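> Starting off with a structure, shown below.
Residue numbers (UniProt numbering): 1 to 598.
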């Protein structure tokens with residue numbers, strides 16, 4: 001996926017930008033969320049405190065109004081005062097119940113005739129508490145409105161004389177609760193100590209258990225919630241609401257504000273969406289900007305890549321160079337590339353020159369080997385002739401030894417044979433001289449071969465050094481140079497062996513020449529002494545015997561020389577094969593170098 005440097009740089013840059021923006025967004029989200037939670041809690045607390053105080057004041061004012069009627073309620077006709085308080089406090093009915101079970105009421109339809117007030121809940125509550133109290137809201141059967149009563153006990157001379165009370169519709173409280181809307185979907189409701197809803201924006205929920213809104217809204221839970229300042233997450237109607245509860249002073253009522261969690265966090269969500277959108281836009285801009293900058297910076301690097309590909313391809317153009325203008329890393333790479341190509345170019349030029357020289361030297365070695373082979377064959381032929389002559393001399397000597405008994409009668413024949421032997425000895429001497437001369441030439445040729453092999457070894461060593469400097473690119477040529485060096489060493493060893501054999505052959509030939517000269521001198525002595533054959537027969541016999549032995553030795557020497565000559569021929573063939581292999585290696589090296597444009 002991330003194959004090119006440009007894509008990697010773009011990926012890392014965009015990744016860093018996105019990571020930074022996401023981290024910033026998360027940090028902002030966490031801080032904003034905490035601040036938002038504190039702000040919501042403070043706002044709800046402020047909102048709730050104001051409305052709780054308002055409701056509490058509403059309750060307290062109605063209690064004070066009813067309490068102000070305690071004296072009037074003991075008068076025979078308190079209805080005028082009842083009417084005044086009813087108008088002031090929006091009471092639907094003001095009434096008083098007495099211990100004698102009689103009643104005084106502003107609205108005659110409020111309680112039926114014969115109604116016993118002492119058995120009513122409001123009378124019993126005031127009597128039990130002995131102080132002004134508030135009843136639980138209830139549905140007035142006459143007005144069909146939810147009302148609340150404010151009974152106040154009336155004491156007379158320390159005894160309970162009755163209870164004065166008034167009914168106030170809850171519509172004012174309901175309107176107050178309905179106005180509590182922190183957000184469009186948020187609402188508030190009022191519950192009494194039994195967990196019954198006594199004020200709700202929706203009239204359908206009036207006087208219903210709060211637990212029907214949510215199973216968590218039991219009376220005990222509501223009291224526990226009201227004891228803390230934390231917001232409670234409650235599911236109401238499939239939506240999450242944050243509840244804030246507070247008790248209304250002077251009552252057992254609890255005001256509950258249900259803040260819609262989604263709407264409360266709408267700003268926070270908008271912040272997250274906006275931050276993520278900003279991150280995406282910044283990432284795209286960073287991608288475009290960094291892509292343009294990196295693309296421009298990597299253009300020259302692409303040129304380096306194309307140049308390397310051109311050298312690595314079949315053309316192998318080592319004359320190509322890169323622009324070194326600039327001062328960035330790409331310029332340094334271009335300069336290093338040019339230095340590298342210059343060195344490779346120089347090394348390969350030297351290798352090509354050395355290869356040409358090796359090929360020429362191998363050609364000279366091959367020519368020398370051909371000439372040496374021809375001379376070796378000539379030497380072998382001469383040695384065969386010398387061997388034949390020695391056989392003839394040997395036969396002649398034996399005939400002379402066999403004819404010693406007839407020396408006198410055959411003196412002329414002996415003299416003639418001696419003269420012939422002298423001629424043959426002279427011829428053998430000349431042949432030995434030619435062999436010696438040929439052997440000397442062979443030694444010169446082997447010296448030349450040894451010199452050529454030494455030069456080849458030096459050239460191969462230089463080529464190996466240059467290949468080692470070339471590193472990985474010169475590994476193949478190093479193998480070829482090592483092979484050439486090995487062949488050169490083999491040629492040198494072969495030349496040394498040939499030289500040793502030729503020197504040995506020259507020594508043998510010189511010994512043979514000496515023996516032949518001695519034979520000639522003996523034959524000459526024989527010719528001079530032919531007149532005294534009779535007296536010197538024994539000396540002739542001994543001389544003939546010695547001559548036979550000498551001829552045998554010469555024959556053996558010639559045989560050894562012939563054997564050495566054959567070995568020289570084999571060595572010459574090996575040298576020729578080595579020179580051919582050297583030429584083949586040089587040709588291979590030239591073909592390898594032809595792949596480069598130098």
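Note that CB positions come from ideal geometry on N, CA and C, so glycine has one too. Keep in mind the model is a prediction, meaning the values are calculated, not measured.
1. Could you please give the first and the last residue of the uninterrupted alpha helix (DSSP H) stretch that includes residue 222?
2. Between the region 161–174 and the region 212–224, are three or more C-beta pairs nearer than 8 Å?
3. Residue 49 to residue 168, Cα distance in whole Å?
4. Among the residues of its own chain, which have a CB less than 7 Å from the CB of residue 571, if the five just before and after it don't count?
5. Taking 9 Å as the cut-off, decide whether the C-beta atoms of residue 134 and residue 150 are in contact.
6. Between which residues of its own chain and residue 569 is the CB-CB distance below 6 Å, once the five residues before and five after are set aside?
7. With a cut-off of 8 Å on the beta carbons, I'd call residue 508 and residue 560 a contact; round off their distance for me.
8. Please report the straight-line C-alpha distance between residue 278 and residue 270, rounded to a whole angstrom.
9. Less than 8 Å between C-beta atoms, sequence neighbours within five positions excluded: which residues of the same chain meet that for residue 304?
10. When burial is assigned at 16 or more other CB atoms within 10 Å of the CB, is residue 188 buried or exposed?
11. Report yes if the CB atom of residue 250 is closer than 9 Å to the CB atom of residue 89, and no otherwise.
12. Whose C-beta lies closer than 7 Å to the C-beta of residue 296 among residues of the same chain, with five residues either side of it excluded?
13. Are there three or more Cβ pairs, one per stretch, closer than 8 Å when the region 175–188 is compared with the region 113–123?
14. Do you know offhand how far residue 78's Cα is from residue 131's?
15. Contact between the region 274–289 and the region 244–261 is defined here as three or more beta-carbon pairs at a separation below 8 Å; is this criterion met?
16. Tell me which same chain residues have a C-beta within less than 7 Å of the C-beta of residue 340, skipping the five on either side of it?
17. Looking at residue 366: is its Cβ nearer than 9 Å to the Cβ of residue 580?
18. Could you give the first and the last residue of the continuous beta strand (DSSP E) run that contains residue 169?
19. Can you name the start and end residues of the beta strand (DSSP E) that residue 262 belongs to?
20. Pick out whichever of 236, 486, 173, 369 has its Cα sitting closest to the Cα of residue 62.
21. List, from N- to C-terminal side, the beta strand (DSSP E) runs of 3 residues or more that fit wholly inside the region 180–206.
22. Just to confirm before moving on: does the CB-CB distance between residue 438 and residue 369 stay below 9 Å?
23. Between 460, 126, 557, 575, which has its C-alpha nearest residue 492's C-alpha?
24. Could you check the C-alpha separation between residue 374 and residue 442 for me, to the nearest Å?
25. Could you name the residues that DSSP lists as bridge partners for residue 521?
26. Identify whether residue 490 lies in helix, strand or coil by the three-state DSSP scheme.
27. For residue 243, name the three-state secondary structure that DSSP assigns.
28. Would you kindly work out how many angstroms separate the C-alpha atoms of residue 289 and residue 275, rounded to a whole number?
29. Going by DSSP in three states, residue 294 sits in which element: helix, strand or coil?
30. Counting only the same chain and skipping the five closest in sequence on each side, list residues whose C-beta sits under 6 Å from that of residue 485.
31. Considering just the uninterrupted stretch of the beta strand (DSSP E) at residue 145, what are its terminal residues?
32. To the nearest angstrom, how far is it from the Cα of residue 384 to the Cα of residue 392?
33. Name the residue from 245, 355, 362 whose alpha carbon lies nearest to the alpha carbon of residue 46.
34. Check each candidate in 138, 104, 96, 113 and name the one with the smallest Cα separation from residue 126.
35. Taking DSSP's pairing of strands, which residues face residue 80 in a bridge?
36. Candidates 324, 100, 552: which alpha carbon is nearest residue 394's?
On the basis of the supplied data:
1. From DSSP, the alpha helix (DSSP H) with residue 222 extends over 219–226.
2. no
3. Looking at the two C-alpha atoms, the distance is approximately 23 Å.
4. 494, 497, 498
5. yes
6. Once the five neighbours on either side are set aside, the close Cβ partners of residue 569 are 376.
7. 6 Å
8. Taking the straight line from one Cα to the other gives about 12 Å.
9. 322, 330, 333, 334, 337
10. Counting Cβ neighbours within 10 Å, residue 188 comes out buried, since at least 16 surround it.
11. no
12. none
13. Taking a contact to require three or more Cβ pairs closer than 8 Å, the region 175–188 and the region 113–123 do not qualify as touching.
14. For residue 78 and residue 131, the distance between alpha carbons rounds to 21 Å.
15. no
16. If we look at residue 340 and ignore the five residues flanking it on each side, it has no Cβ neighbours.
17. yes
18. 159–169
19. From DSSP, residue 262 is part of no beta strand (DSSP E) but of the alpha helix (DSSP H) over 261–264.
20. Residue 173 is the option with its Cα nearest to residue 62.
21. Listed in chain order, the complete beta strand (DSSP E) runs (minimum 3 residues) inside the region 180–206 are 187–191, 197–199.
22. no
23. 575
24. 10 Å
25. According to DSSP, which records beta bridges pairwise, residue 521 is partnered with nothing at all.
26. helix
27. strand
28. 20 Å
29. helix
30. Taken in chain order, the residues that qualify are 457, 460.
31. Unbroken run through residue 145: none, as it is neither H nor E.
32. 12 Å
33. Measuring from the Cα of residue 46, the nearest candidate turns out to be 245.
34. 96
35. None; residue 80 has no bridge partner.
36. Checked all of 324, 100, 552; the closest Cα to residue 394 is 552.
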